[in-house]
Every structure is written in C-alpha cells, then in structure tokens.
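Using my numbering, read the sequence shown as starting at 22 and increasing by one per residue.
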Amino acid sequence: MSDNTREFILVGQDQGGHYDLWDIAPAPTDPTVRATKLEEISVDVMDAFGDMSTVWAADEDAAIEKFRAEQAEISGLSDYRVVRHGQEV
Numbered sequence: 022m023s024d025n026t027r028e029f030i031l032v033g034q035d036q037g038g039h040y041d042l043w044d045i046a047p048a049p050t051d052p053t054v055r056a057t058k059l060e061e062i063s064v065d066v067m068d069a070f071g072d073m074s075t076v077w078a079a080d081e082d083a084a085i086e087k088f089r090a091e092q093a094e095i096s097g098l099s100d101y102r103v104v105r106h107g108q109e110v
C-alpha cells in the first residue's frame, strides 16, 4: 500500500440493506499487536453476533466509503448504506 494509506478495522452488523457500524479504528501497524488485536476483536464481535472487516484507505471517511462500495458490490444493492449512531455515513 502507498504511504498515505493505512489499514482500518470496521466492526458492526450487516442488516441486509445496510450495515450498522459499531466502531472503526486504525489497525495496529506492528504485526504481532495487529494479530492479537484482530483475534480479540473477532471473539468479541462473534459474541455480539456482528462481524469485522478491514480495509485500506487514507482516512476513516475513505475507509467507510470503500467498505460501503465493497458491500454494495457483494450484495448487489447499489443503494447499500452504512449507518453509524443512527445516522447514514
């Protein structure tokens, strides 16, 4: 990846036509810390019946938009939305 992008972790739950985004944060850059953090998050997310994804982007907003576009393509819904704190992002 280029120097101006980094990995972001997105946590939430797919609701069919939209995704409820619970949290987003930059992924740790240290490989060992990253692996540990992703494992911890995946266990917590599984307990809450959610899911976790990672995307590479320049900033948090770009990460959300990239994730939305990927989910729209996967679902076949061009109007797929990401909702955070009750607001579409």
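Just so you know, even glycine gets a beta-carbon here, dropped at the ideal spot from N, CA and C.
For PRO49, no alpha helix (DSSP H) segment is defined, and its DSSP state is neither H nor E. LEU31 counts as buried, since at least 16 other C-beta atoms from the protein chains shown sit within 10 angstroms of its C-beta. Using a C-beta cut-off of 8 Å, the region 35-49 makes contact with the region 77-90, since at least three inter-stretch Cβ pairs fall below that distance. Assignment of PHE70 by DSSP, reduced to helix, strand and coil, places it in the coil class. Excluding sequence positions up to five before and after ASP72, its CB lies within less than 8 Å of the CB of VAL32, GLY33, GLN34, ASP35, VAL66, all in the same chain and listed in chain order.
PHE29 is a Cβ neighbour of VAL76, given a cutoff of 9 Å. DSSP places ALA78 within a strand segment (E or B) once states are collapsed to three. LEU31: member of the beta strand (DSSP E) spanning 27-35, first to last residue. Straight-line measurement puts the Cα of SER99 at about 32 Å from the Cα of LYS58.
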